[in-house]
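One structure is given below, encoded as structure tokens.
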Amino acid sequence: MKKIEFVEIRRLNASSGLKESTVVKTTKEIKELYKKLNDSKYSRSTPIPVLENENEFFLVLKPRMKTLKNGDIEVEKIESDGSTLWVTYKEVENDEYKENKQLNPILIIKILNKPQKIKLNLIH
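Right, dumping it as structure tokens:
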């Protein structure tokens, strides 16, 4: 397994029709995603990140929470076996999400390796 470097781009909590993991490969796709996630109660939108070369992509994670109903997620590591990207994460407490009874953590990260498949691995 090869360790994959990643950078957290955005963390939010929003109800959306996203899958557990989504690969975003183009600037057009990230713009559409940000439009969908935009919260109208804020006057300014969040800056939209850009892909700087053809090897980069965004990975959008929205796993179902299994142990912490109003928790958040934290990616421990990302590894690749060539064709599959293995994302190891854990559920963590988030006081803001708990206080506001938010149920849908979303994490957007930038990765420098295009996968064929993505597998999420929850650790406790």
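15 is the number of the first residue of the sequence shown in my numbering; add one for each residue after it.
Where a beta carbon is used, it is the ideal one built from N, C-alpha and C, also for glycine.
For the alpha helix (DSSP H) that LYS49 lies in, which residues bound it at each end? Within the sequence shown, the letter at position 35 stands for residue 49. Here the alpha helix (DSSP H) through LYS49 covers 41-51.
Find out if the Cβ-Cβ distance for the pair LEU65, THR41 is shorter than 9 Å. Here residue 65 refers to the residue found at position 51 of the sequence shown. Here residue 41 refers to the residue found at position 27 of the sequence shown. Their beta carbons are under 9 Å apart, which means LEU65 touches THR41 by this criterion.
Could you give the first and the last residue of the continuous beta strand (DSSP E) run that contains ASP95? Along the sequence shown, one-based indexing puts residue 95 at 81. It is not in any beta strand (DSSP E) - ASP95 carries neither H nor E in the DSSP assignment.
Whole-angstrom C-beta distance between TYR103 and GLU90, which should lie under 8 Å: The residue given as residue 90 occupies position 76 in the sequence shown. The residue given as residue 103 occupies position 89 in the sequence shown. Yes, they are in contact, since the Cβ atoms of GLU90 and TYR103 sit about 6 Å apart, within 8 Å.
Quick one: is ASP86 buried, meaning 16 or more other Cβ sit within 10 Å of its Cβ, or exposed? In the sequence shown, the residue the question calls residue 86 occupies position 72. It is buried - the Cβ of ASP86 has at least 16 other Cβ atoms within 10 Å.
Please state whether DSSP places GLU22 in a helix, a strand or coil. By one-based count along the sequence shown, residue 22 stands at place 8. Three-state result, GLU22: strand.
Take VAL106 as the anchor and find which of LYS45, LYS83, VAL37, VAL21 has the nearest alpha-carbon. Here residue 106 refers to the residue found at position 92 of the sequence shown. Nearest of LYS45, LYS83, VAL37, VAL21 to VAL106, Cα basis: LYS83.
Can the beta-carbon of ASN27 be found closer than 9 Å to that of PRO119? One-based indexing of the sequence shown puts residue 27 at position 13. One-based indexing of the sequence shown puts residue 119 at position 105. Yes, Cβ-Cβ distance for ASN27 and PRO119 is below 9 Å.
Using the Cα positions of LEU126 and PRO61, report the straight-line distance between them to the nearest angstrom. Along the sequence shown, one-based indexing puts residue 126 at 112. Along the sequence shown, one-based indexing puts residue 61 at 47. So the alpha carbons of these two residues sit roughly 20 Å apart.
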